[in-house]
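Undergrad: Residue numbers for the sequence shown follow the working numbering, beginning at 48 and rising by one.
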Amino acid sequence: MEPTENSRRDFFKATAAASLGLAIPPTLAKGEEKPPALPAPPAPREPEWRNRQDGMSYRMLGRTGMMVSELLCGAFPFNDPKFHPVLDDQIARGINYIDTAAGYSQGRVESTVGDYLKASGHRERVFLSTKLSGYYGYLESVSKEIQKSLPQSKIDALRKQAGEMIESRGVLKPGYHMNYFGGQEAQLPQAYFRFLLLREHGYKDGWQAQVKARARRLLEESLKRLKTDHVDVLHCPHGISMPEMMEDEPLRE
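(1) Quick one: does Glu-291 have its CB under 8 Å from some CB of chain C?
(2) Should the region 258 to 266 be called in touch with the region 160 to 175, which here means at least 3 C-beta pairs below 8 Å?
(3) Go to Leu-175, then tell me how far its beta strand (DSSP E) extends in each direction, as first and last residue.
(4) In three-state DSSP terms, what is Tyr-227?
(5) Assuming the contact rule is C-beta atoms closer than 8 Å, Glu-232 and Leu-219 should be a hit. Round their C-beta distance to whole Å, please.
(6) Should Asp-146 be labelled buried (16 or more other beta-carbon atoms within 10 Å of its own) or exposed?
(7) Could you tell me the alpha carbon to alpha carbon distance between Gly-217 and Ser-167, rounded to whole angstroms?
(8) Within the continuous beta strand (DSSP E) that includes Val-280, where are the two ends?
(9) On the criterion of 16 or more Cβ atoms from any shown chain inside 10 Å, does Phe-228 qualify as buried, or is it exposed?
(10) Assign Tyr-223 to one of two classes, buried (16 or more other C-beta atoms within 10 Å of its C-beta) or exposed (fewer than that).
(11) State whether the region 189 to 205 contacts the region 237 to 252, with contact taken as three or more CB pairs (one from each stretch) at a distance under 8 Å.
(12) Where are the alpha helix (DSSP H) runs, 4 residues long or more, that stay fully inside the region 130 to 156, in chain order?
(13) For a quick check, are the C-beta atoms of Ser-176 and Tyr-144 less than 8 Å apart?
(14) Here's the rule: buried if 16 or more other CB atoms are within 10 angstroms of the residue's CB, otherwise exposed. What is Ser-188?
(15) Can you tell me whether Arg-246 is helix, strand or coil according to DSSP?
(16) Throw me the rounded Cβ distance for the Ala-122 and His-285 pair, which I believe falls under 8 Å.
(17) Quick test of the definition: if touching needs 3 or more C-beta pairs under 8 Å, does the region 151 to 160 touch the region 102 to 116?
(18) Where does Pro-50 fall in DSSP's three states?
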């Protein structure tokens, strides 16, 4: 089924509403007498069951109401139709959560899963997840454009500030950060620098609308490959390097 405007709009509204309970509160100003009152977290939704099978255990995913199987399908290697029988076997055993990402095999995993769900008719039997894998790659290109208009002294000052943040937080100390893949921690200095650059210049200089449009485009491309008009869980974006990225204004919208 091709995505429709109504289904996309409903998805964005539901995602925004659900994310309010997950947002990190802003850092308290020094000397503030008491923290501002936080909104009450939303009540858990009614349990939603999909593909419930004997022999599989399920638990609610946060407050979403989604009763997710305790064993999930991480589809990272599923880049070819030869994996369709594996998906058949997993669903037969009661697995009801499939995790994908645009970055897995350059979108081929999403296409493989989408072809399977369309051919099998199992879309409504599973909770489907994907990620905005290309989001930070686009922000990196935006940051390079912004740097062209800045004096080198300003760029150096931001890089120094990024380094000081990493040092003060002990980000590179054992136990603070886990490398999910080899060399991941080498990306942290650039991620901190990019965050500071965009906060101080990018979103104030007209880039915000373009970043939002890019995020929406990435989701539309994933929906097309997955052959569905919605996903049940959207990782927005594909991993973060610092807590402040949870408050990224374009993504919150």
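Every residue, glycine too, gets a C-beta built ideally from N, C-alpha and C.
TA: Taking the structure as given:
(1) Going by chain labels, chain C is absent from the structure shown, which holds only one protein chain.
(2) no
(3) Position 128 of the sequence shown, counted from the first residue, corresponds to residue 175. Leu-175 -> beta strand (DSSP E) spans 174 to 178.
(4) The sequence position of residue 227 within the sequence shown is 180, counting from 1. DSSP, read as helix, strand or coil, puts Tyr-227 in coil.
(5) Numbered from its first residue, the sequence shown carries residue 232 at position 185. Numbered from its first residue, the sequence shown carries residue 219 at position 172. The Cβ separation is near 6 Å, so the contact holds.
(6) Indexing the sequence shown from 1 puts residue 146 at position 99. When all chains shown are included, Asp-146 counts as buried.
(7) As a position in the sequence shown, residue 217 is number 170, starting the count at 1. As a position in the sequence shown, residue 167 is number 120, starting the count at 1. Looking at the two C-alpha atoms, the distance is approximately 49 Å.
(8) Along the sequence shown, one-based indexing puts residue 280 at 233. Segment 280 to 282, the beta strand (DSSP E) holding Val-280.
(9) The sequence position of residue 228 within the sequence shown is 181, counting from 1. The residue in question, Phe-228, is exposed, as its Cβ has fewer than 16 Cβ neighbours within 10 Å.
(10) Working through the sequence shown from its first residue, we reach residue 223 at position 176. Exposed, since its Cβ has fewer than 16 Cβ neighbours within 10 Å.
(11) The region 189 to 205 vs the region 237 to 252: in contact.
(12) 131 to 139, all fully within the region 130 to 156.
(13) As a first step, residue 176 is located in the sequence shown; it is residue number 129 there, counting from the start. As a first step, residue 144 is located in the sequence shown; it is residue number 97 there, counting from the start. It is a contact, given that the beta carbons lie within the stated cut-off.
(14) Counted from its first residue, the sequence shown places residue 188 at position 141. By the 10 Å Cβ count, Ser-188 comes out exposed.
(15) Residue numbering aside, residue 246 sits at position 199 when the sequence shown is read from its first letter. If DSSP states are grouped into helix, strand and coil, Arg-246 belongs with the helices.
(16) Here residue 122 refers to the residue found at position 75 of the sequence shown. Here residue 285 refers to the residue found at position 238 of the sequence shown. The pair is not a contact, with the Cβ atoms about 14 Å apart (cut-off 8 Å).
(17) no
(18) Here residue 50 corresponds to residue number 3 of the sequence shown, with the count starting at 1. With a pLDDT of 45 at Pro-50, under the threshold of 50, the modelled position of this residue cannot be trusted, and the question is left open.
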